[in-house]
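Structure first, commentary second.
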């Protein structure tokens, strides 16, 4: 690890207006300059957090949120009043009053700060005085073994030693470090594990709150990257112009803060002191926002309602970089025997912590929010981590942007077992040395049960994993791991709309009801079916057959009543070892039953709506698929499977619930039509053809970022950078260029598969044209009040197009199977 980070890069303290993402071209083959990438990052974080920004009116609530606390039996765990908070006790109250008196014995600067940097020394002095006064007033007993025994704030104002992927390295103004003699260079996650080099509490200084908090969000993102399972990330914000301070709590549901505390009044300084003294009381990982059952290197997993096992991370298959969102993380673990007495921490090699794939947060846009969020519609693109195996090969990094990537390093606390909430054991048992896949994600209340229902409905089907268990994490006191206590309750928001802080998206005085706070819970699924990224495919034949099996797995879920709606590189995995379904692949069930035309349909309307697609039989297409399945010798063994149902919906109720009509997807893998509707905030019906096109982009990603060492053409490097940007323009540029360059000199895997992908894209394009030009256009002829007829028409064509999309891909694979087999027989590239 370098002793100091590079200093040749230009940094900007104040972001300017967000500009659109730069698409890489042969004339501009490198990533955007660091200042532009910084603006883009800030712009996307504004959009990601959106309207989920909340502020309380005094320090007492923030202090109670951050306080060590004990649940009061019989009281609600969803309400902070159901907890006995240490800061509410007489000992803390007495200590606080004494510390406030001590603090006011010092003289604080009253003059104006004409420049941001002029304020740094005074801010550092004040924060350290708060720490000193608070520690002196609190008893030695209260501070025994606390998290921040040596908390010190220092003027930093230079580049951090590590960063998130190829996002520009950050430059916090001031840093809180748990050491009296901090290192010269600080890291979000120092590889040596020393506290003296770890940035614990970053401080951002600016003269405008919106810009300040957006910049602070980049620090929150880095803290989450260092510890992905943490519940919140705390950043201090100081407005040097107004001499005010805010404590900024970033969490998976957005931002919680408070009205400004003044640095130039005794009352304001006392409020700040109260919160800092609360932080000094932290004595357990939970108090500091961490969870007891995981340190992101090791996990304690339930094997029954009474017992557990420990799993060590051997591979990070997928990681989603975000502040607000699901923050999905998929890891492969090697487990010990249940209830093993082994408490040693098995070292985790840095290479095992480098994600095979990294994507942005899944984007969600609801019809309700579309009306309210037009004030800020930044590009969906975001500087992010490079896929595993691509580091140094893309030509996108220059000397002025290199930094050590952030990984969890060196556990900061010992794991402690806490029985989970809502444990659902499915089948099997865990033995010593067994490998499992653990998927963690932060789910909203309306989504928590959907994935579980999807797995249960498709249990044992082809292309679906064997689920050992699913559960919700719990703290040591049994309280669910969520951001619930960080937020106002819906009732509080109803009574006081001013709790909503219109920071990035302004509220409108149009009678729109207050937005509900976004509560998210940490949910887990443990799979027995071991997997790895599709980028690990050893040949074109292996990759294509994995795509076939993955697409049939998607169809297995669809037949079970669910459309997945967020296909990405993180949730279609290449099976490791033998993966077998309980029964051979088949097509049965409701999707074969014709829903159109219904008997109640007006004959005149039907005559106007008739077109060829409506007369096609689902059974006919299904029969053709089964012939192709036989030609590909597919029975019950599969080489790829689909693992994720976080954004799935039951298509039987798709048109009955507005929540199901939220547009969702990971930008890199969205269909172009869905991506366009998301960019333009237009209504859109997310149909099976969007998922099927996501498989196309999944294939493109797996080719461009294949982990096997091989020479890449300049075009491939450009295509990879553009696809990784998550920008719609990058994807349209790819399919345009593919038409011209599919057969030109590329990498071995590119030469083998680009012509195939070109043919597949032409079929994808025709499928999308038929859907939007026929189905959507014809559906518009049905009167709006005939809700049942609209539903029947769409579902009928959902099923037809799901089957048609699968069939057309299998057609191509069967057509080229001998060529693909020859590629596979040649072995590694």
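Residue numbers (this note's numbering): 3 to 831. The beta-carbon is built from N, C-alpha and C at its ideal position, and this holds for glycine as well.
No Cβ-Cβ contact shorter than 7 Å links residue 126 with residue 154. DSSP, reduced to helix, strand and coil, places residue 272 within a helical segment of the structure shown.
Counted as a single uninterrupted DSSP element, the alpha helix (DSSP H) harbouring residue 704 occupies residues 690–706. For residue 668 and residue 690, the gap between their C-alpha atoms comes out near 15 Å.
For the pair residue 523 and residue 476, the CB atoms are not nearer than the 7 Å cut-off. In summary, residue 103 is exposed, with fewer than 16 beta-carbon neighbours lying within 10 Å of its beta-carbon over all protein chains present. Each of 143, 543 and 215 was checked against the Cα of residue 506, and the nearest Cα belongs to 215. The beta carbon of residue 87 sits closer than 6 Å to the beta carbons of 66, 69 and 71 from its chain, once the five residues preceding and following it are set aside; these are given in chain order. DSSP places residue 643 outside any alpha helix (DSSP H); the residue lies instead in the beta strand (DSSP E), whose first and last residues are 642–644.
Judged by DSSP secondary structure, residue 506 falls outside any beta strand (DSSP E); it is assigned neither H nor E.
Taking the C-beta atoms as reference points, residue 251 is found no nearer than 7 Å to residue 265.
Shown here for residue 181: same chain residues with a beta carbon closer than 7 Å to its own, the five before and five after excluded, namely 152, 154, 197 and 198 in chain order. Restricted to the region 51–133, the alpha helix (DSSP H) segments that are unbroken, complete and at least 4 residues in length are 61–68 and 92–105, listed in chain order. Bridge partners of residue 437 according to DSSP: 336. A check of alpha carbon separations from residue 97 across 143, 656 and 113 identifies 143 as the nearest.
For residue 292 against residue 241, the beta-carbon gap comes to about 29 Å, at or over 8 Å, which does not count as contact. Here residue 658 is exposed. Its C-beta has fewer than 16 other C-beta atoms within 10 Å. Closest in C-alpha terms to residue 504, from the list 54, 521 and 707, comes 54. By DSSP's assignment, residue 443 forms a beta bridge with 525. Residue range 750–772 is occupied by the alpha helix (DSSP H) that includes residue 758. Under the 8 Å Cβ criterion, the region 549–559 does not count as touching the region 486–495, having fewer than three qualifying pairs. The three-state reading of DSSP puts residue 209 in coil, since its state is none of H, G, I, E or B.
In the structure shown, residue 189 falls within a strand segment according to DSSP collapsed to helix, strand and coil. With fewer than 16 other beta carbons inside 10 angstroms of its own, residue 497 counts as exposed. Beyond the five residues adjoining it in sequence on each side, residue 623 comes within less than 8 Å, by CB distance, of 802, 805, 806 and 809 in the same chain, given in chain order. In the assembly as shown, residue 568 is a buried residue. Its beta-carbon has 16 or more other beta-carbons within 10 Å.
Annotation: the continuous alpha helix (DSSP H) that includes residue 799 extends over 789–817.
The beta-carbon distance between residue 702 and residue 736, rounded to whole angstroms, is 7 Å. This is short enough to meet the 8 Å contact definition. Annotation: the continuous beta strand (DSSP E) that includes residue 304 extends over 300–304. Sixteen is the threshold: when 16 or more other Cβ atoms of the shown chains lie within 10 Å of the Cβ of residue 40, as they do, the residue is buried. The three-state reading of DSSP puts residue 485 in coil, since its state is none of H, G, I, E or B. Annotation for residue 428: no alpha helix (DSSP H) segment contains it, and DSSP assigns it neither H nor E. Taking 4 residues as the minimum length, the alpha helix (DSSP H) runs contained wholly in the region 517–603 are 542–561, in order along the chain. Note that the C-beta distance between residue 537 and residue 697 is not below 7 Å.
Here DSSP, grouped into helix, strand and coil, assigns residue 667 to strand. The Cβ atoms of residue 528 and residue 417 lie no closer than 7 Å to each other.
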